[in-house]
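This report concerns only the one structure given below.
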Amino acid sequence: MVAGRRHTAPQHYQVMGEERTLKSRGFTLIELLVVIAIIAILAAILFPVFAQAREKARATSCLSNMKQLGLAFIMYASDHDESYPSVYDDSLGYPAGRIIWADKISPYVKSRGLFACPGGPDTVRMDPIAGGWPNNLQGTRYSMNMVHGWHWPEGTVNGTGWATIEYPVRDSQFRHPAETSLIQESSNAWWCHWLWHPGWNNYEKNQFGETVLIGVLGETIYPRHSGGTNMTFVDGHAKHRNTSSLLTDHRWCTIQYED
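Using numbering that gives the first Met the number 0, you'd call the opening residue of the sequence shown number 0 and step up by one each time.
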């Protein structure tokens with residue numbers, strides 16, 4: 000034995016009467032590749048599940064927001080002779096004095112965050128607006144059905160006309176409140192306040208590159224959740240509606256219709 004070098008003999012252990020030598024052993028390349036493959040398969044299975052769970056949570060949170068906004072509308076109507084707020088009000092001057100529906104129900108809303116869908120690409124924000132428009136309007140990612148707002152002829156309230164700001168819609172004028180839309184998700188990035196009946200099979204891209212269902216005029220319905228949009232109805236309840244069904248079912252956008 001060389002001086003200064005220590006010789007370590009293999010350790011021995013007894014198994015069923017036989018003596019075996021204990022040797023250290025690491026992973027082979029094949030074993031490592033198998034483990035990596037298993038992890039990749041599990042990730043491919045679980046990641047879509049996690050993504051769906053996150054989207055479901057966002058959709059549920061959005062629906063909760065819209066339910067609370069629906070209750071705010073009802074409280075507003077209770078304090079204003081059973082009349083709902085108009086989509087927008089220019090009685091204080093146009094355009095700088097414009098007030099939209101979100102401003103009117105804000106005193107009945109606990110948090111400004113309720114005006115934004117958590118699944119949207121942008122939070123509620125207000126940017127300075129050119130051309131004399133106000134920049135202090137309540138931002139929202141939801142739009143109000145134009146049937147509740149301003150349109151000519153003055154004072155017309157029926158299935159083909161709209162209420163003017165001088166004649167806001169009263170609760171008693173809705174023949175089917177549980178089927179008439181109050182607000183719905185919109186694609187606008189900063190303030191959305193009105194929505195017309197959607198065009199048939201008419202789609203476009205907004206500033207975020209999202210495909211949206213556009214109306215004849217005004218803001219857009221955006222199918223943000225599973226091919227559909229969350230909607231709040233006049234009676235205060237909120238639910239998810241498939242976008243394609245809105246193209247064939249016209250009842251949601253009118254005050255009255257024939258049964």
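No residue lacks a Cβ here, since even glycine has one placed at the ideal position from N, Cα and C.
Here's the rule: buried if 16 or more other CB atoms are within 10 angstroms of the residue's CB, otherwise exposed. What is residue i?
i	result
isoleucine 99	buried
asparagine 229	buried
phenylalanine 79	Before going on, a small fix: residue 79 reads as histidine here, not phenylalanine. So histidine 79 ends up on the exposed side.
isoleucine 220	buried
proline 222	buried
glycine 226	exposed
threonine 27	exposed
leucine 41	exposed
valine 33	exposed
valine 48	exposed
leucine 31	exposed
threonine 155	Reliability of the predicted coordinates at threonine 155 is poor, the pLDDT of 40 falling under 50, and no value is obtained from them.
glycine 217	Confidence at glycine 217 is low in this model, with a pLDDT of 42, below 50, so its placement is unreliable and the value that follows should be read with caution. By the neighbour-count rule (16 or more Cβ atoms within 10 Å), glycine 217 is buried.
leucine 245	buried
Give me the Cβ distance between residue i and residue j, rounded to the nearest whole Å; I'm assuming they're in contact under 8 Å.
i	j	result
asparagine 144	leucine 181	6 Å
For residue i, tell me which candidate among the options has the shortest Cα-Cα distance.
i	options	result
alanine 115	Leu62, Glu30 and Phe173	Leu62
leucine 68	Gly118, Ile104, Arg169 and Val33	Ile104
threonine 139	Val168, Arg174, Asn64 and Ala76	Asn64
threonine 59	Asp102, Asp88 and Lys238	Lys238
proline 176	Asp88, Trp251, Tyr107 and Ser243	Trp251
Taking Cβ positions, are residue i and residue j nearer each other than 9 Å?
i	j	result
serine 142	serine 110	no
arginine 57	glycine 118	yes
aspartate 170	alanine 101	no
arginine 240	glutamine 183	yes
Does residue i get closer than 9 Å to chain D when you measure Cβ to Cβ?
i	result
valine 86	Structure shown: chain D not included; a single protein chain is present.
Would you call the segment 79 to 86 and the segment 45 to 63 touching, i.e. three or more CB-CB distances under 8 Å? No, the segment 79 to 86 does not touch the segment 45 to 63.
Between the segment 232 to 243 and the segment 65 to 77, can you find at least three pairs of beta-carbon atoms closer than 8 Å? With a cut-off of 8 Å, the segment 232 to 243 and the segment 65 to 77 count as touching, because enough Cβ pairs lie within range.
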